[in-house]
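Numbering (this note's numbering), first residue to last: 57 to 535.
Using N, Cα and C, we set each Cβ at its ideal position, and we do this for glycine too.
What follows is a short report on a single structure.
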Ligand SMILES: Cc1cc2nc3c(=O)[nH]c(=O)nc-3n(C[C@H](O)[C@H](O)[C@H](O)COP(=O)(O)OP(=O)(O)OC[C@H]3O[C@@H](n4cnc5c(N)ncnc54)[C@H](O)[C@@H]3O)c2cc1C
C-alpha cells in the first residue's frame, strides 16, 4: 500500500469488536485516524419541540464514559482517539482535507437528523475529491441476507419473525483488531474529552434508590454480557423474569450499550447460542433473541416507512384526533405526580436513573396516550431526552405501536393500569421502593390508595390528598 490514510468516524458504534467501519478502514489503509465528535447541536442545550434537552444528563454521562473507554482501548493498541466538540460535518471534512485522507469510513445511519449530518459531510468531501464509505453494524441481521427487499418487510412483527427466524443465519461478529491497529500521525492534536461541566451539566449523584449502575463503554458492556449469561446465568430464567420491575437481573440491561454501539447484537446472539450449546435451556434464550429481533424490526420499519415514525400520524398515517398537547398535564406525568402509584413510581425511576423496565414503559406510555389523552409525541420526546438507551427507531417505533399508529394489528394498546400493577408488582414492593410515602400501605390497597375509605386510610396513617396526590383521573374506569 502507498501510505493510504483514512478516518474512521465513530458514531453509535463505540466499540472495537464487530466494528465493520473500523475493519474496512484497516483493510484499505496504511494509516487509520479514529475520530469522535460531540455534536454541539445535541450536547449544548438544544431542546426538543416540547422543551426537553436533546440529550439528558444520564445519557450524556454514559456517552462521555464510553468515549473515555474507547480512547483507552485505542491507547492500549498504540493508537488514540481524536476527540472534538462541534459539527461533525465541518470538523471531519477539515481534518480529512488537512490529513489528505482518501476515505472517511462510518456506520450509515438512517434517521433524519443523523442522515442530514452524514449527507452534509458527504457533500463537503466530494468538493475535495474525497469519499465517505458506509458500513453497517447496528442490526442482528445483515439486510443483504434477508429473504425480502427492505420495502417488502412485513409490517407485522410475528410475520417478520416467521419469515426470518428459521431461515436467515446471523453472521459471526468481526474480530477485535489487535496491537498497533492504527498508526495515527504525530501532528494531530488528540483533543480533550469533555466533561459534563463542559456542557453546563452537573454530575448526577447516584440516587439512593438506584439498584443498578450503568457505566458507559465497551469494557463494561462485555463485563455485563459475561455476568448476565455466564456468571449469574440470569439468561436461564429470562422468560419468567423479563416483566419484573426491580433489581439487577430480571432483564439483561444490555440496551444502553446496544444503543451506543458499545455492544454488538451479533455478539450477544452468538454468546446466547454458545450458552445453549453448553447448557440445558428452556424458552428463555429464544425469548431474548426474539427481543433482539424486535430491535431489528423497528429499524427495518424506519427504513421501509421513512420519517413518518416521528410524525403525528406515525407509520399508519392515522392522526389521533383525541390527543392534545398540554404542557401542564405533561409536567405532572413527567414529575410522577399523577396519583397513580404504578405510573409515578416508574416515572420517578426514569428521572432518577435514566432507565425504566419494559413493563413500566408500556404502562406509562399507554397512560399518557389513552388516559391523559396527551400527544404521544410529547411522551416520546421526554423519553428521547431521558433514556440512557435512547434509540430513535426503538423509541419512536414503540411509541407508534402503543398509540395504535405503528406496526400493530390492534387498534389500541390500552392498559388497565391498576390490573397491570397488581399483576406485575403483587406485593407493592416496587411502589414502596420508589414512593416511600406509600410504604405504610398494605399490598391490597397500595396500587389504588383512593379505594380506601377514610377510616381504613387513617388506621394505616394515610391521609387522602396529604400523604400523596389524589389521582388525576377517575380510577373507577379500570373497574
Ligand atoms: C414506549 C417505549 C419506548 C422504548 N424506547 C426504547 C429505546 O429508546 N431504546 C431501546 O433500546 N428500547 C426501547 N424500548 C424497548 C424496551 O423497553 C427496552 O429495550 C428494554 O426495556 C431494555 O431493557 P433490557 O436491555 O434489560 O431489555 P431485555 O428485556 O433484556 O431485552 C434485550 C434487548 O432486546 C431489545 N428489546 C427488548 N424489547 C424491545 C422492544 N420492545 N423494542 C426494541 N428492542 C427491544 C433491547 O435492545 C434489549 O436490550 C421502548 C419500549 C417502549 C414501550
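Give the range of the alpha helix (DSSP H) segment to which residue i is assigned.
i, result
"residue 168", "168-183"
"residue 425", "No alpha helix (DSSP H) contains residue 425, which DSSP labels as neither H nor E."
"residue 95", "From DSSP, residue 95 is part of no alpha helix (DSSP H) but of the beta strand (DSSP E) over 87-95."
"residue 76", "76-84"
"residue 448", "448-458"
"residue 268", "Per DSSP, residue 268 belongs to no alpha helix (DSSP H) and is neither H nor E."
"residue 311", "311-315"
"residue 397", "397-409"
"residue 434", "432-442"
"residue 130", "113-132"
"residue 512", "510-515"
"residue 475", "473-480"
"residue 340", "340-361"
"residue 280", "274-282"
"residue 329", "321-334"
Using the DSSP secondary-structure output, state which residues sit across from residue i in a beta bridge.
i, result
"residue 237", "None; residue 237 has no bridge partner."
"residue 61", "87"
"residue 524", "520"
"residue 66", "92"
"residue 380", "430"
"residue 109", "103"
Could you tell me the boundaries of the beta strand (DSSP E) in which residue i lies?
i, result
"residue 142", "138-142"
"residue 160", "159-163"
"residue 190", "187-191"
According to DSSP, simplified to helix, strand and coil, what is residue i?
i, result
"residue 218", "helix"
"residue 505", "helix"
"residue 103", "strand"
"residue 229", "coil"
"residue 155", "helix"
"residue 486", "helix"
"residue 300", "coil"
"residue 367", "coil"
"residue 206", "helix"
"residue 416", "helix"
"residue 263", "coil"
"residue 150", "helix"
"residue 390", "helix"
"residue 292", "helix"
"residue 201", "helix"
"residue 285", "helix"
"residue 497", "coil"
"residue 385", "helix"
"residue 492", "helix"
"residue 373", "coil"
"residue 251", "coil"
Could you check the C-alpha separation between residue i and residue j for me, to the nearest Å?
i, j, result
"residue 289", "residue 521", "45 Å"
"residue 315", "residue 517", "44 Å"
"residue 410", "residue 383", "21 Å"
"residue 187", "residue 154", "15 Å"
"residue 477", "residue 462", "25 Å"
"residue 304", "residue 117", "20 Å"
"residue 347", "residue 261", "31 Å"
"residue 361", "residue 172", "17 Å"
"residue 493", "residue 508", "16 Å"
"residue 203", "residue 221", "11 Å"
"residue 270", "residue 301", "16 Å"
"residue 416", "residue 109", "22 Å"
"residue 182", "residue 175", "11 Å"
"residue 331", "residue 325", "10 Å"
"residue 429", "residue 321", "36 Å"
"residue 487", "residue 350", "29 Å"
"residue 99", "residue 111", "6 Å"
"residue 482", "residue 342", "27 Å"
"residue 495", "residue 471", "25 Å"
"residue 296", "residue 385", "35 Å"
"residue 532", "residue 500", "16 Å"
"residue 340", "residue 245", "48 Å"
"residue 209", "residue 146", "36 Å"
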